[in-house]
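Asker:
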Amino acid sequence: MTDLTITGGQAATMTSLELVDFINSHRKQQAEQAGQPFASSDFPELLHKNFLAKVPEVLGERSAEFSADLPDNYGRPRRGYRFPKRESCLMAMSYSYDLQAAVFDHMTALEEKLAKPLTAAEQLLASVQLTVDLERRQRQTEHQVAALAESVGDMDRAHPLLDSIPNGMESITAIRQRIGKQYGLPPRVIDAVVREMPHSPRPFAMVRSKHEELNARPFAVWAKAEISRVFERFARGCTFVTQHRAVHPDFGAGQERFQMRGSPEDMSSSAHIPSIHGREGQP
1 MTDLTITGGQ
11 AATMTSLELV
21 DFINSHRKQQ
31 AEQAGQPFAS
41 SDFPELLHKN
51 FLAKVPEVLG
61 ERSAEFSADL
71 PDNYGRPRRG
81 YRFPKRESCL
91 MAMSYSYDLQ
101 AAVFDHMTAL
111 EEKLAKPLTA
121 AEQLLASVQL
131 TVDLERRQRQ
141 TEHQVAALAE
151 SVGDMDRAHP
161 LLDSIPNGME
171 SITAIRQRIG
181 KQYGLPPRVI
191 DAVVREMPHS
201 PRPFAMVRSK
211 HEELNARPFA
221 VWAKAEISRV
231 FERFARGCTF
241 VTQHRAVHPD
251 FGAGQERFQM
261 RGSPEDMSSS
271 AHIPSIHGRE
281 GQP
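If you read the sequence shown in UniProt numbering, its first letter stands for residue 1, the second for the next number, and so on.
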């Protein structure tokens, strides 16, 4: 089973990737004891994307507090979670009580280990690991900033630059307020629909900032009518998995749940709310 992560040299945590690995190792041990193969129908392999989908069910609104970037081996960003002991045990308990006990024992053992003073070699290793992690994060941030600057530069060249927002147009700030009020969607989902999805609309123009003396860049505006049509289409493609949470195939690979206020028909028809029970229930 995977080792736990030490955050800041103090608290023991487990990432979502580590928990998935731990759960699969636990299931494999159980399968061997039962004389069955792993993975099988009785002892299925847990996928990280399925684990991610379950986190909001178990932790509710607080799940966002534990969101973390877990880069892959190539340094590319990958969404995940980093949990302290309590939340790690809650996630494990959602699968089985014996798995919760195993996670609790595992993290307790690490806490006891952390209580002992580090040797000089361990301190040096921890320092090197921290330096490498900071350098990796800095490179990732630099790449993201460079990509954003290039994207904004392309928009500057491809769209007319206006002095004010024309009638019938709105900025992303106005879109967040209007669409958020209409559909109950959080800003991150609104931004994704406007900018990142296959049917995202092209900006109508760029508007010169009133704070150019502060080196503020021009900002994009979209046609209000087109934005309304895009979100009507997005809403039709959503499926409610609880009364107030939905999924969409173009957002989070169809796995990430988000808050949404449904129409009266959505909320009255059970056909729009598929069951969320019985998934990955076997430890």
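All residues carry an ideal CB built from backbone N, CA and C; glycine is no exception.
Compare the Cα-Cα distances from His26 to each of Glu65, Ser16, Ser96 and Arg62 and report the closest residue.
Answerer: Of Glu65, Ser16, Ser96 and Arg62, the residue nearest in Cα terms is Ser96.
Asker: Counting beta carbon pairs with one atom in the stretch 170–180 and one in the stretch 117–137, are three or more of them shorter than 8 Å?
Answerer: Contact between the stretch 117–137 and the stretch 170–180 is absent, because fewer than three Cβ pairs lie under 8 Å.
Asker: In whole angstroms, what is the alpha-carbon distance linking Arg229 and Trp222?
Answerer: If I take the Cα positions, the gap works out to 12 Å.
Asker: Would you tell me roughly how many angstroms separate the C-alpha atoms of Gly184 and Phe231, rounded to the nearest one?
Answerer: Roughly 12 Å separates the two Cα atoms.
Asker: Mapping the DSSP letters down to three states, classify Thr173 as helix, strand or coil.
Answerer: It is helical.
Asker: Ser127 by DSSP, collapsed to three states: which one?
Answerer: Helix at Ser127.
Asker: Select from Pro77, Ala192 and Gln182 the residue whose C-alpha is nearest the C-alpha of Arg136.
Answerer: The candidate whose alpha carbon is nearest that of Arg136 is Pro77.
Asker: Would you decide whether Ser63 is buried or exposed? Buried here means 16 or more other CB atoms lie within 10 Å of its CB.
Answerer: Label assigned to Ser63: buried.
Asker: Could you spell out where the beta strand (DSSP E) holding Asp69 opens and where it closes?
Answerer: Unbroken beta strand (DSSP E) run through Asp69: Ser67 to Asp69.
Asker: Which whole-angstrom value describes the C-beta separation of Val207 and Leu162, a residue pair presumed to lie in contact below a C-beta threshold of 8 Å?
Answerer: With 8 Å as the limit, Val207 and Leu162 qualify as a contact, their Cβ atoms being about 5 Å apart.
Asker: With 16 other CB atoms within 10 Å as the buried threshold, where does Thr15 fall?
Answerer: It counts as buried.
Asker: Just mark Glu112 as buried or exposed, buried being the case when its beta carbon has 16 or more other beta carbons within 10 Å.
Answerer: So Glu112 counts as exposed.
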